[in-house]
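Engineer:
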Amino acid sequence: MGRVLVASGFLDQTEPDGGEYKHTKFSLAYILDKPAPGHLFLAMYDEWFKHMHNFDDYLVSKGKYEEPQDPLYNPYTAYWKQEGTPVWSIMMQNPERFQTFQTGMAGIDVAIPVTGHFDFSTLKNDSPDTGNATIELVDVGGGEGTVLNKILEAHPDLSPKNCMLQERPEVIQLAKSKKTLPDGIQLVEHDFMTEQPVKGAKAYFMRMILHDYADAVGIQILTRLAEAMKPYSRVLICEMVLAPRVGEADFASAVLDQAVMTMGGKERTEAGFQKMFDAAGLELVKTWRAPGVPGGCVEARLKGQT
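Residue 11 is where the sequence shown starts when you use the numbering used here, and the numbers rise one by one after that.
In structure tokens, the structure reads:
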């Protein structure tokens, strides 16, 4: 096994006759404490690629070749023999694998950068046209807060006490235990399928959430946000934004589109986002992009407020 890993460049050999090996930058990427490309690969293997291997068998078993769209009945839940159980509940049955997934998703910044597209400084309290809101940014489904932390580091004019992280109870507990977020950030347990408790925030931010769901569920999630919004509020969706016509440069986004399909999700074009926005009472304002990456930040507001 060691020789194969050396031949592939994953490990290095320290003795001519074998038996002694050392790390390379590639193997170290799998064991670092901070998010690294190796964590992302492990997450994709554990939570996507294994289920893609049986994808054809899954379709045959269902008797129809159709895109999976149900968050409870899809190749992922079928693989684990737990159809009818939410994907995230299955994932959390193995705390170590769940932690790997959380760390891996925090390391996907290369394709979907946290900053460099939308100017989050426009959300600060002294910005015009933002009403009397005190909550500047709500990170909905924001994991352990890694992304929110990066936003605050890049935009020190935003106040942590005016920012909020919303997540499932077990993830909020992880965030509290790690104590890596700035003092003052509000940590709130929330299921984004239910009523949004924070009314009239300046921005509701979701990163890599909607791509886990088909349009019908995505519309439900967006509708909950729209119901809480004021005319000055906006929704910011940070995800892959597929090109209308896929080319060689879109390989990464096309692969991720196929991966999330195993969970009943999908990546979307700008037109795909607009379709969901329209059904939820929103309209697309602009797609903000960073140079040279397939991800972007799609901004929407209530209809008639752009």
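Here a beta-carbon is modelled for each residue, glycine too, at the ideal position from N, C-alpha and C.
#1: Checking the sheet assignment: what are the DSSP bridge partners for tyrosine 31?
#2: On the CB-based measure, 16 or more other CB atoms within 10 Å of its CB, does arginine 234 come out buried or exposed?
#3: Between the alpha carbons of serine 169 and phenylalanine 111, how many angstroms are there, rounded?
#4: Buried or exposed for asparagine 172, please, with buried defined as at least 16 other CB atoms from any protein chain shown within 10 angstroms of its CB.
#5: What's the call for phenylalanine 261, buried or exposed, on a 16-neighbour Cβ count within 10 Å?
#6: What first and last residue would you give for the beta strand (DSSP E) that runs through leucine 162?
#7: Could you name the residues that DSSP lists as bridge partners for tryptophan 298?
#8: What residues in its chain sit with their C-beta under 8 Å from that of tyrosine 31, if we drop five residues either side in the sequence?
#9: What is the DSSP secondary structure of arginine 13, reduced to helix, strand or coil?
#10: So, for arginine 340: in the same chain, excluding its five sequence neighbours on each side, which residues have a beta-carbon less than 7 Å away from its beta-carbon?
#11: Measure the CB-CB distance between valine 150 and tyrosine 214 and report whether it falls below 8 Å.
#12: By the three-class DSSP mapping on this structure, what secondary structure does glutamate 57 have?
#13: In the structure shown, what three-state DSSP assignment does valine 124 receive?
#14: Under 8 Å between the Cβ atoms of glycine 94 and leucine 82?
#15: How many Å lie between threonine 279 and methionine 286 at the Cα?
#16: Suppose you measure from the CA of threonine 87 to the CA of glutamate 177; what does that come to, to the nearest Å?
#17: Is the separation between the beta-carbon of glycine 291 and that of leucine 312 shorter than 8 Å?
#18: On the three-pair Cβ rule with 8 Å, is the stretch 198-217 touching the stretch 227-247?
#19: Report, in whole angstroms, the separation of the C-beta atoms of threonine 310 and glutamate 293, which I expect to be a contact under 8 Å.
#20: Could you tell me the alpha carbon to alpha carbon distance between glutamate 237 and glutamine 206, rounded to whole angstroms?
#21: Identify whether methionine 62 lies in helix, strand or coil by the three-state DSSP scheme.
#22: Identify, in the order they occur along the chain, each residue of the same chain with its Cβ nearer than 7 Å to the Cβ of serine 187, setting aside the five sequence neighbours on each side.
#23: With DSSP run on the structure shown, which of helix, strand or coil describes tyrosine 86?
#24: Output yes or no for whether 8 Å exceeds the beta carbon distance between histidine 221 and lysine 276.
#25: Distance, Cα to Cα, leucine 38 vs threonine 144?
#26: I need the boundaries of the alpha helix (DSSP H) containing isoleucine 229, first residue and last residue.
#27: So isoleucine 231 and phenylalanine 202 are in contact, right, with Cβ under 8 Å, and what is the actual spacing, rounded?
Structural biologist: This is what the structure gives:
#1: The residue given as residue 31 occupies position 21 in the sequence shown. Tyrosine 31 is bridged to Gln23.
#2: Start at 1 with the first residue of the sequence shown, and residue 234 comes out as number 224. Buried is the call here.
#3: Against the sequence shown, residue 169 aligns to sequence position 159. Against the sequence shown, residue 111 aligns to sequence position 101. In a straight line, the C-alpha of serine 169 is about 29 Å away from that of phenylalanine 111.
#4: Along the sequence shown, read from residue 1 onward, the residue named residue 172 stands at position 162. When all chains shown are included, asparagine 172 counts as buried.
#5: Along the sequence shown, one-based indexing puts residue 261 at 251. Per the 10 Å Cβ criterion, exposed.
#6: As a first step, residue 162 must be located in the sequence shown, where it is residue number 152. Leucine 162 -> not in any beta strand (DSSP E); alpha helix (DSSP H) instead, spanning 156-164.
#7: The residue labelled residue 298 in the question sits at position 288 within the sequence shown. Answer is Cys307, bridged to tryptophan 298.
#8: The sequence position of residue 31 within the sequence shown is 21, counting from 1. So the qualifying residues of the chain are Gly12, Leu15, Val16, Leu21, Asp22, Gln23, Thr24.
#9: Numbered from 1 along the sequence shown, position 3 holds the residue referred to as residue 13. Here arginine 13 sits in helix by DSSP.
#10: Given a span of 11 to 316 for the chain in the structure shown, any question on residue 340 remains unanswerable.
#11: Stepping through the sequence shown from its first residue, residue 150 is reached at position 140. Stepping through the sequence shown from its first residue, residue 214 is reached at position 204. A contact, by the Cβ cut-off of 8 Å.
#12: Start at 1 with the first residue of the sequence shown, and residue 57 comes out as number 47. Glutamate 57: helix per DSSP, three-state reduction.
#13: For the purposes of this step, residue 124 is taken as the residue at position 114 of the sequence shown. Reduced to three states, the DSSP call for valine 124 is coil.
#14: Within the sequence shown, numbered from 1, the residue matching residue 94 stands at position 84. Within the sequence shown, numbered from 1, the residue matching residue 82 stands at position 72. Yes, they are a contact pair.
#15: Indexing the sequence shown from 1 puts residue 279 at position 269. Indexing the sequence shown from 1 puts residue 286 at position 276. Their backbone Cα atoms lie some 11 Å apart in a straight line.
#16: On the sequence shown, position 77 is the one that residue 87 refers to. On the sequence shown, position 167 is the one that residue 177 refers to. So the alpha carbons of these two residues sit roughly 22 Å apart.
#17: Here the question's residue 291 lines up with position 281 in the sequence shown. Here the question's residue 312 lines up with position 302 in the sequence shown. Yes.
#18: yes
#19: Translated into the one-based positions of the sequence shown, residue 310 becomes position 300. Translated into the one-based positions of the sequence shown, residue 293 becomes position 283. This sequence places alanine at residue 310; threonine is not what is there. Yes, alanine 310 and glutamate 293 are in contact; Cβ-Cβ is about 6 Å, under 8 Å.
#20: Numbered from 1 along the sequence shown, position 227 holds the residue referred to as residue 237. Numbered from 1 along the sequence shown, position 196 holds the residue referred to as residue 206. The straight-line gap from Cα to Cα measures roughly 8 Å.
#21: As a first step, residue 62 is located in the sequence shown; it is residue number 52 there, counting from the start. If DSSP states are grouped into helix, strand and coil, methionine 62 belongs with the helices.
#22: Against the sequence shown, residue 187 aligns to sequence position 177. Within the same chain, serine 187 has no close Cβ partners at all.
#23: Taking the first residue of the sequence shown as 1, we reach residue 86 at position 76. In this structure, tyrosine 86 counts as helix in the three-state DSSP scheme.
#24: As a position in the sequence shown, residue 221 is number 211, starting the count at 1. As a position in the sequence shown, residue 276 is number 266, starting the count at 1. Going by C-beta atoms, histidine 221 is nearer than 8 Å to lysine 276.
#25: Taking the first residue of the sequence shown as position 1, residue 38 is located at position 28. Taking the first residue of the sequence shown as position 1, residue 144 is located at position 134. Answer to the nearest angstrom: the Cα atoms are 43 Å apart.
#26: Counting from 1 along the sequence shown, the entry for residue 229 is found at position 219. Looking at the DSSP string, the run of the alpha helix (DSSP H) that includes isoleucine 229 is 225-238.
#27: Translated into positions along the sequence shown, residue 231 becomes position 221. Translated into positions along the sequence shown, residue 202 becomes position 192. Confirmed, Cβ separation roughly 6 Å.
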